[in-house]
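In UniProt numbering, the protein residues as written are 1 to 594.
Below, the structure written as structure tokens:
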């Protein structure tokens with residue numbers, strides 16, 4: 001008689017059968033180990049049976065259930081973390097298995113599983129039981145790969161091989177009522193830095209910068225649960241700003257200890273281990289990694305100039321500066337600094353939006369040699385409009401109408417040359433309806449589709465239902481300067497992904513000459529700007545009229561760029577009224593401070 005084990009068929013005990021077919025490549029996970037026992041073929045009678053009854057088909061029928069089939073299916077399901085499928089292959093109540101595996105996965109933060117199946121061997125005393133070694137690798141969140149050996153036990157019941165599951169199947173150190181938990185000890189947290197490496201997350205940083213960097217505090221139970229199993233209540237976490245967005249990078253990886261605990265107990269803490277380490281036996285430990293710094297685009301000198309400038313404003317104000325050819329945010333200042341109106345504020349842009357409207361007109365075929373008419377009032381789209389101060393300039397060039405910010409001239413051209421699709425396309429070229437993903441909560445500039453003439457007219461003047469922020473408005477003169485619109489950027493490390501492609505501005509050269517005229521002979525002529533500065537003033541009404549003759553208050557705006565400093569910026573003064581008289585002089589002070 002052969003010394004090799006022989007699998008029993010259904011015709012009678014001891015009848016030899018061919019070995020199982022070659023296994024599929026990979027039992028479970030990316031690098032399986034599977035070794036199969038070689039079976040000796042004996043019995044000429046069986047060969048004859050196979051020949052007479054169809055060969056392979058009969059062999060499959062005679063082969064019967066094999067423990068290796070269950071072991072393969074079980075370990076494949078384990079690698080897929082399909083605990084329900086594992087439960088269907090196990091003896092007893094599947095709910096116990098599902099609960100045990102789920103408990104371990106959630107407490108440890110298991111991201112992926114690899115299971116390598118070894119030889120499946122019968123129990124030497126009975127052919128109704130078998131076993132197989134398994135190599136288990138758990139990929140743990142923020143800890144790495146943990147590999148250990150375990151064992152599957154299988155039993156034949158009612159012609160079906162099943163896994164005899166116990167907690168020790170998951171890990172050999174587990175017994176009934178026990179599970180695995182992790183204890184984390186966090187390393188030193190990274191810092192949020194300006195472009196030159198200066199910390200902007202310290203108590204010495206300005207209030208405006210702290211709004212960007214955000215705050216760090218102890219996680220409450222809800223925050224810890226949201227962040228995942230590696231966090232416990234009381235762990236330091238980012239609560240706002242860049243600290244929250246880049247929590248993973250700033251926090252690094254904690255030193256991790258895997259412990260055996262009672263399934264009904266909460267995860268132990270580092271303090272619990274210090275008090276009684278033997279109460280929670282350790283089965284594995286991982287070294288931690290300190291957090292990495294987050295580097296921003298903030299230029300400390302530009303930031304200081306911006307903050308000093310708007311500190312002189314009489315009303316709440318904001319100033320944002322960007323690099324035209326990259327969209328990098330050089331400064332973001334608020335006065336007072338308790339609310340980030342620079343980035344998260346929502347305002348109508350007023351006449352600063354005329355940069356976009358004139359771009360739409362030029363794209364629609366209006367030439368720079370066109371003659372525009374600027375009467376005191378004009379009826380457009382069934383509504384009567386007037387100019388600031390009831391001004392009337394008569395015939396004007398395109399540049400003159402832009403420089404004086406003549407409403408009636410613009411609106412007549414819009415009515416004749418543009419439709420909603422034209423204006424929407426121009427607005428989106430300049431970043432409207434685009435999410436500004438800078439790492440902190442930022443207003444998405446909104447340009448609703450103007451579905452009628454009244455809305456088209458109102459929105460072409462930067463009123464109606466338009467909403468934007470100083471951050472976004474700084475990107476508009478930047479686009480004119482660079483010839484293409486760049487989405488704003490605040491973080492350079494870690495390097496951002498999915499950065500939107502720049503959007504070309506076909507009329508940038510014409511808009512530059514028009515914006516220069518605003519400084520030399522237009523609404524910002526008296527603001528105090530020097531050479532190489534280009535801009536547009538604006539006053540944006542807000543609130544609701546109780547009577548049609550009521551005068552609404554206005555926010556004061558100025559947007560512009562300075563070729564000498566290679567910088568674009570936006571100034572907002574809430575309730576400031578005149579863009580030319582209030583916001584533009586602040587812009588001139590800002591450039592002088594540089």
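Where a beta carbon is used, it is the ideal one built from N, C-alpha and C, also for glycine.
In this text the structure is predicted, and so the values were computed from the model without any measurement.
How about residue i and residue j: are their beta carbons less than 8 Å apart?
i, j, result
"residue 254", "residue 142", "yes"
"residue 331", "residue 302", "yes"
"residue 565", "residue 591", "yes"
"residue 333", "residue 314", "no"
"residue 477", "residue 568", "yes"
"residue 309", "residue 589", "yes"
"residue 404", "residue 538", "no"
"residue 321", "residue 474", "yes"
"residue 115", "residue 98", "no"
"residue 412", "residue 373", "yes"
"residue 445", "residue 467", "yes"
Could you tell me which residues DSSP puts in a beta bridge with residue i?
i, result
"residue 114", "137"
"residue 504", "484"
"residue 368", "None; residue 368 has no bridge partner."
"residue 395", "373"
"residue 353", "According to DSSP, residue 353 bridges with nothing at all."
"residue 156", "161"
"residue 273", "Answer is none; residue 273 lacks a bridge partner."
"residue 570", "320 and 559"
"residue 579", "Paired residues: none, contrary to the question."
"residue 538", "557"
"residue 380", "383"
"residue 284", "258"
"residue 180", "260"
Let's test the definition: count the other Cβ atoms within 10 Å of the Cβ of residue i and tell me whether it reaches 16, buried, or not, exposed.
i, result
"residue 93", "exposed"
"residue 131", "buried"
"residue 530", "exposed"
"residue 624", "One cannot answer for residue 624 here, as it falls past the ends of the chain, which runs 1 to 594."
"residue 357", "buried"
"residue 485", "buried"
"residue 366", "buried"
"residue 499", "exposed"
"residue 382", "exposed"
"residue 384", "exposed"
"residue 443", "buried"
"residue 433", "exposed"
"residue 122", "buried"
"residue 229", "buried"
"residue 469", "buried"
"residue 598", "Within the shown structure, residues of the chain are numbered from 1 to 594, placing residue 598 beyond reach of any answer."
"residue 264", "exposed"
"residue 465", "exposed"
"residue 339", "exposed"
Put residue i into one of helix, strand or coil per three-state DSSP.
i, result
"residue 186", "coil"
"residue 278", "helix"
"residue 341", "helix"
"residue 64", "coil"
"residue 175", "coil"
"residue 533", "strand"
"residue 559", "strand"
"residue 101", "helix"
"residue 325", "coil"
"residue 88", "helix"
"residue 123", "strand"
"residue 385", "strand"
"residue 400", "helix"
"residue 361", "helix"
"residue 511", "helix"
"residue 128", "strand"
"residue 149", "strand"
"residue 594", "coil"
"residue 489", "strand"
"residue 348", "coil"
"residue 143", "coil"
- Runs of alpha helix (DSSP H) wholly within the segment 402-477 (minimum 4 residues, chain order): 407-417, 420-429 and 453-460
- Segments assigned beta strand (DSSP E), at least 3 residues, entirely inside the segment 193-271: 216-218, 236-238 and 255-262
- Message: Which runs of the alpha helix (DSSP H) at least 4 residues long sit entirely within the segment 287-319? Give them in chain order.
- Response: 300-310
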